[in-house]
Amino acid sequence: DTGVSQNPRHKITKRGQNVTFRCDPISEHNRLYWYRQTLGQGPEFLTYFQNEAQLEKSRLLSDRFSAERPKGSFSTLEIQRTEQGDSAMYLCASSLRVSDALHFGNGTRLTVT
Amino acid sequence: AQSVTQPDIHITVSEGASLELRCNYSYGATPYLFWYVQSPGQGLQLLLKYFSGDTLVQGIKGFEAEFKRSQSSFNLRKPSVHWSDAAEYFCAVTNNAGNMLTFGGGTRLMVKP
Chain A
560 DTGVSQNPRH
570 KITKRGQNVT
580 FRCDPISEHN
590 RLYWYRQTLG
600 QGPEFLTYFQ
610 NEAQLEKSRL
620 LSDRFSAERP
630 KGSFSTLEIQ
640 RTEQGDSAMY
650 LCASSLRVSD
660 ALHFGNGTRL
670 TVT
Chain B
3 AQSVTQPDIH
13 ITVSEGASLE
23 LRCNYSYGAT
33 PYLFWYVQSP
43 GQGLQLLLKY
53 FSGDTLVQGI
63 KGFEAEFKRS
73 QSSFNLRKPS
83 VHWSDAAEYF
93 CAVTNNAGNM
103 LTFGGGTRLM
113 VKP
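As you go down the protein sequences, you meet chains A and B in turn. In short: position in the first sequence from 1, add 559, done, that's this note's numbering. In short: position in the second sequence from 1, add 2, done, that's this note's numbering.
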């Protein structure tokens with residue numbers, strides 16, 4: 560168990576640019592989740608994959624956001640035309656079964672200037 | 003819709019003192035409940051979880067939590083706090099499908115020497 564890996568750890572971008580984050584879940588985990596956490600708040604659910612299928616999306620996930628998990632392994636989260644309000648920590652988590660707790664990565668901190 | 007309230011934003015305790023962090027949830031059916039801890043700049047680590055059965059659950063690092071259905075609460079306790087326990091603590095709830103974890107706003111714990 561090497562844990563959930565997220566890259567990059569930090570990303571600074573200018574408003575209007577596109578950014579992409581990567582998440583590598585624990586290898587045997589078929590469920591993958593993306594959350595967003597702003598300063599002083601708890602994480603908020605963005606989207607969820609079971610294998611390669613994106614099964615649930617939050618209304619927080621505007622049309623500027625897209626997530627993929629093409630082969631049911633790693634996942635990417637892309638934000639197009641970034642806005643200052645997108646500045647947050649983006650957390651990825653994975654689990655094997657419904658009844659399992661989520662294993663979180665250390666997150667990618669996005670700063671939009 | 004499910005929701006979680008952590009009434010205390012900040013708590014300061016002396017090292018060696020006991021600790022109780024409050025968590026109240028709103029959920030129609032039997033919830034799955036979790037406590038996570040987050041150190042600065044890090045992801046979330048699971049402390050303990052409740053799915054069913056014994057309402058007093060033991061977790062890592064000497065933490066325990068008690069599920070009280072009548073009070074819709076899942077408070078976290080530790081009999082003797084260590085300086086290394088200083089962190090942010092999040093309570094979370096999900097349904098039995100496990101698709102979406104809803105977090106509370108967190109309680110920041112500070113430990114005085």
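Note that CB positions come from ideal geometry on N, CA and C, so glycine has one too.
Sequence-distant residues of its chain with Cβ nearer than 8 Å to GLY666 (chain A) (five each side left out): GLN565, ARG568, GLN596, MET648, TYR649, LEU650 and CYS651
Partner residues on chain B for GLN548 (chain A), Cβ-Cβ distance less than 8 Å: Since the first and last residues shown for chain A are 560 and 672, residue 548 (chain A) lies out of range.
Three or more C-beta pairs below 8 Å linking the segment 22–37 of chain B and the segment 69–84 of chain B: yes
Every unbroken beta strand (DSSP E) inside the segment 597–661 of chain A [3 residues or more]: 603–609, 612–616, 624–627, 634–638 and 647–654
Proximal residues to ARG110 (chain B) (C-beta, below 6 Å), its chain only, five neighbours per side dropped: HIS12 and GLU90
MET112 (chain B) - partner residues in DSSP beta bridges: B:THR14
Chain B contacts made by the segment 646–668 of chain A, where a contact means CB separation under 9 Å: MET648, LEU650, CYS651, ALA652, SER654, ARG656, VAL657, SER658, ASP659, ALA660, LEU661, HIS662, PHE663, GLY664, ASN665, GLY666 and ARG668
GLY601 (chain A) and ALA94 (chain B) closer than 9 Å at C-beta: yes
Listed by chain order, chain B residues near PHE604 (chain A) by CB distance under 8 Å: MET102, LEU103 and THR104
Start-to-end residues for the beta strand (DSSP E) that takes in ALA67 (chain B): 66–70
Chain-order list of residues whose beta-carbon lies under 6 Å from that of VAL39 (chain B) (same chain, five-residue window excluded): GLN47, LEU49, ALA89 and TYR91
Residue environment, ILE62 (chain B), which counts as buried when at least 16 other CB atoms sit within 10 Å: exposed
CB contact below 9 Å: ALA94 (chain B) versus chain A: yes
Of the listed residues A:ALA612, A:PRO629, A:THR606 and A:LYS630, nearest to ASP622 (chain A) (C-alpha basis): A:THR606
Any C-beta of chain A under 9 Å from that of VAL6 (chain B): yes
8 Å Cβ shell around THR96 (chain B) - same chain, five flanking residues per side excluded: GLN4, PRO33, TYR34, PHE36, MET102, LEU103 and THR104
Extent of the continuous beta strand (DSSP E) to which VAL578 (chain A) belongs: 578–583
Partners in chain B for GLU642 (chain A), counting only beta-carbon separations shorter than 8 Å: Those do not exist, as GLU642 (chain A) stays about 23 Å from chain B at its closest Cβ, beyond 8 Å.
Sequence-distant residues of the same chain with beta carbon closer than 7 Å to ASP645 (chain A), five excluded per side: ILE638, LEU669 and VAL671
Residues near THR561 (chain A) by beta carbon distance below 8 Å, same chain, minus five either side: ILE585 and SER586
Heavy atom of the ligand ZN within 8 Å of ARG24 (chain B) beta-carbon: Only the bare structure without any ligand can be found here, which leaves the ligand ZN out of the picture.
Exposed unless 16 or more other CB atoms sit within 10 angstroms - verdict on TRP593 (chain A): buried
Paired residues, beta bridge with CYS93 (chain B) - DSSP: B:TRP37
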